[in-house]
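Visitor: In our numbering, the protein residues as written are 4 to 270.
1) Could you tell me whether the segment 93-105 touches the segment 137-146, using the rule of 3 or more Cβ pairs below 8 Å?
2) Count Cβ pairs between the segment 149-160 and the segment 37-55 that sit closer than 8 Å; are there 3 or more?
3) If we count Cβ pairs, one from each stretch, closer than 8 Å, do we get three or more for the segment 27-36 versus the segment 8-19?
4) Determine the direct distance from the alpha carbon of residue 186 to that of residue 266, and round the result to whole angstroms.
5) Just to confirm the assignment, what range does the beta strand (DSSP E) spanning residue 171 have?
6) Under 8 Å between the Cβ atoms of residue 225 and residue 235?
7) Tell me the rounded alpha-carbon separation between residue 82 and residue 115.
8) Throw me the rounded Cβ distance for the residue 245 and residue 173 pair, which I believe falls under 8 Å.
9) Assuming residue 16 and residue 210 make a contact with CB atoms under 8 Å, what is their CB distance in whole Å?
10) Let me know the secondary structure DSSP gives residue 54 once reduced to three states.
11) How would you write the range of the beta strand (DSSP E) that residue 35 sits in, first residue to last?
12) On a CA-only basis, which of 109, 111 and 61 is nearest residue 94? Give me that one, please.
13) Can you tell which of 208, 198, 201 and 183 has the C-alpha that lies nearest to the C-alpha of residue 190?
14) Would you report the Cα separation of residue 181 and residue 247, rounded to the nearest angstrom?
15) With H, G and I counted as helix, E and B as strand and the rest as coil, what does DSSP make of residue 269?
16) Let's see if you can read the secondary structure: which residues bound the beta strand (DSSP E) around residue 276?
17) Flag this pair as yes or no: are the beta carbons of residue 134 and residue 106 separated by less than 8 Å?
18) Return the Cβ separation of residue 6 and residue 70 in integer angstroms, given the expectation that the two are a contact with Cβ distance under 8 Å.
19) What are the residues that DSSP puts in a beta bridge with residue 14?
20) Within the continuous beta strand (DSSP E) that includes residue 155, where are the two ends?
21) If residue 268 sits next to residue 254, beta carbons under 8 Å apart, how far is it from one beta carbon to the other, in whole angstroms?
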């Protein structure tokens with residue numbers, strides 16, 4: 004069985020407070036985009052994982068699909084499986100690729116082995132694997148709050164616009180991103196701001212990670228500036244970076260940016 008995990012972008016990201024458990028209270032909007040990995044699972048004699056495409060860093064036992072298998076196996080009689088992941092979603096980009104793979108693995112296992120899990124139950128499993136994993140069970144626009152694992156559906160449709168995503172040759176770890184941010188309460192909640200016209204977002208909807216990441220990674224700052232120069236109605240770094248997206252009325256010609264960046268059109 005094969006599925007195609009999709010990426011997400013963050014529209015706005017406010018880091019509100021540090022939590023006693025070491026996480027942060029935040030608010031953001033997760034919006035699905037059409038950049039996909041390919042995930043295949045077949046029954047096998049023993050549990051295994053292999054990948055192609057982009058190199059996946061880290062130890063095998065830390066892979067979220069492997070963790071997802073063991074999590075499900077605690078409650079369900081699962082046979083061993085062979086997992087193959089073709090990695091296409093950029094890594095270290097703020098696009099949630101690893102979380103998407105984990106969530107789609109849970110959905111795939113539910114379908115393949117007829118586990119009978121509801122979307123809500125699959126979201127519960129996904130939350131164990133990562134704060135943003137639960138979003139990918141349904142992959143529909145949501146306002147996310149608390150650790151980013153509490154989700155409220157929102158009516159947001161950007162299909163009339165062209166979303167372009169640019170991935171520079173930079174890497175920002177989640178640890179680096181949070182190390183430099185200063186949590187603070189918000190005067191205007193993103194929950195209300197996201198309902199305003201898109202043409203007003205530029206002056207009001209922000210990503211709290213951009214300040215120090217743009218200082219330490221001027222290349223990423225430059226990508227955002229270029230997207231505005233090419234006519235973006237709104238541009239922002241996604242999550243903790245390093246990718247930057249722009250929302251345009253029409254598809255721009257970013258051929259000059261393609262020389263030093265990976266560019267995904269109409270995602």
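All residues carry an ideal CB built from backbone N, CA and C; glycine is no exception.
Guide: Answer, in terms of the structure:
1) Between the segment 93-105 and the segment 137-146, the count of Cβ pairs shorter than 8 Å is three or higher; the stretches touch.
2) A contact between stretches requires three or more CB pairs, one per stretch, nearer than 8 Å, and the segment 149-160 fails this requirement with the segment 37-55.
3) yes
4) In this structure, the CA atom of residue 266 is about 31 Å from the CA atom of residue 186.
5) 165-171
6) no
7) 11 Å
8) 4 Å
9) 4 Å
10) strand
11) 27-39
12) 61
13) Across the set 208, 198, 201 and 183, the C-alpha of 208 shows the shortest separation from the C-alpha of residue 190.
14) 18 Å
15) coil
16) Residue 276 is absent from the model: the chain starts at 4 and stops at 270.
17) no
18) Their Cβ separation, rounded to whole angstroms, is 17 Å, which puts residue 6 and residue 70 out of contact at 8 Å.
19) For residue 14, which the question treats as bridged, DSSP gives the partners 32.
20) 153-156 is the extent of the beta strand (DSSP E) around residue 155.
21) 6 Å
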